[in-house]
Ligand code: AQP
């Protein structure tokens, strides 16, 4: 299968990105043709600091590699290195109704959050994402729950293009984890964990053991002391149980049994230990890549030239179909 997926270099990659998305990539990489992108053009649709964007791109690449994605087997590259993404996005804009973009949940949420800075790029974000996906004739897009709507729109744009200009694009579909598709904020467990939120709301993959202990200890829990999964009535402990289950590979039922009669504090201590152990490779490798940034530059340049070849083939078909 042809797989495409990406993460924005818009902050520190967190546990939600890792458990819901990067772990899917690790499962998919051996048997599929995978393209993993660092989607920097998406990250600039909200206010950002140009001085640190390159550093953030490198950090995301370091996380992809540390997690275990093979740069030989997969194509790993930065979106802005392949100009065809913007060319296709422009062309797809011409067949995308504005109403479809205005009803996107992410647009509504982000435009409310950045009320003084709602740029056209934020509205057109899903069209650029459709271009990212369709350029590579993608069949499957592993994402978190929040991006499902954008993948569905990409599919609809592809269907509309094919109907109007002839069969050109593969129709993509989202791949979403049954458990952990939406990891919630540690301090407001009814909200999604988000890169651009305050540090105490999320666990970053490079967090130190001290930071992890502190964040988990102060994570919002619910009334009572029972370790029970019930996202409606106990969103805090349910989120922590989900995280534990994904890291320990134990079912939530097994965890409920294991922690019967124990209190939130004991559970949180065990979860912090588990996180510290699981994230150790990220902390260790970070300094290795920082000492030798040329490794990452080389991998991204190689990935970009492999991606560009596929993107150019698709664009030839698209231009021909559209009479350009
Ligand atoms: N909390 C989450 N739980 C599960 N999956 C998540 N994803 C993001 N947050 C969670 C998934 O991670 C992938 C990459 O996300 P993104 O970088 O494209 O942007 P995002 O969805 O907007 O993520 P953030 O963390 O909330 O970033 P900011 O704050 O910059 O907007 C996607 O597949 C996403 O579903």
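Numbering (full-length UniProt numbering), first residue to last: 1 to 324.
Don't be surprised by glycine CBs; every beta carbon is placed ideally from N, CA and C.
Everything numeric in this text was worked out from a predicted model, so none of it was measured.
| Query | Result |
| --- | --- |
| Bounding residues of the alpha helix (DSSP H) (the contiguous stretch that carries residue 36) | Element bounds for residue 36: not the alpha helix (DSSP H) but the beta strand (DSSP E), 33 to 38. |
| Residue 67, enclosing alpha helix (DSSP H) - first and last residue | 50 to 67 |
| For residue 175, the first and last residue of its enclosing beta strand (DSSP E) | 173 to 175 |
| Touching by the beta-carbon criterion (3+ pairs, under 8 Å), the segment 2 to 19 and the segment 180 to 198 | yes |
| For residue 234: DSSP bridge partner residues | 230 |
| Buried versus exposed, by CB contacts within 10 Å (16 or more), residue 11 | buried |
| Given 8 Å, three or more beta-carbon pairs between the segment 105 to 123 and the segment 58 to 68 | no |
| Burial state of residue 261, where buried means 16 or more other Cβ atoms lie within 10 Å | exposed |
| Buried versus exposed call for residue 193 [16 or more other C-beta atoms within 10 Å across all chains shown] | buried |
| Residues whose Cβ lies closer than 5 Å to any heavy atom of the ligand AQP, in chain order | 7, 8, 10, 16, 17, 20, 21, 143, 144, 146, 147, 182, 183, 192, 193, 194, 195 and 196 |
| Extent of the continuous beta strand (DSSP E) to which residue 78 belongs | 75 to 78 |
| Between the CA atoms of residue 238 and residue 148 - distance to the nearest angstrom | 22 Å |
| Cβ contact check for the segment 87 to 104 and the segment 50 to 59: 3 or more pairs under 8 Å | no |
| C-alpha gap between residue 166 and residue 158, whole angstroms | 10 Å |
| Nearest-angstrom Cβ-Cβ length linking residue 222 and residue 231, presumed shorter than 8 Å | At roughly 11 Å, the Cβ-Cβ gap does not stay under 8 Å, so residue 222 and residue 231 are not in contact. |
| Nearest-angstrom Cα separation, counted from residue 269 out to residue 226 | 15 Å |
| Distance, residue 283 Cα to residue 86 Cα | 35 Å |
| Coil, strand or helix - residue 204 by DSSP | strand |
| Residue from 317, 195, 318 and 311 with nearest C-alpha to residue 35 | 311 |
| Span separating the alpha-carbon of residue 160 from that of residue 128 | 16 Å |
| Cα-Cα separation, residue 49 to residue 109 | 21 Å |
| Anticipated Cβ contact below 8 Å, residue 275 with residue 212, distance rounded | 5 Å |
| CA-to-CA distance, residue 38 to residue 255, given in whole angstroms | 35 Å |
| DSSP bridge partner residues for residue 184 (one or two, in chain order) | 192 |
| Selection from 287, 111, 305 and 3 that minimises the alpha carbon distance to residue 143 | 3 |
| Minimum length 4: unbroken alpha helix (DSSP H) runs contained in the segment 85 to 156 | 98 to 102, 105 to 113 and 120 to 134 |
| C-alpha distance - residue 259 paired with residue 210, whole-angstrom precision | 24 Å |
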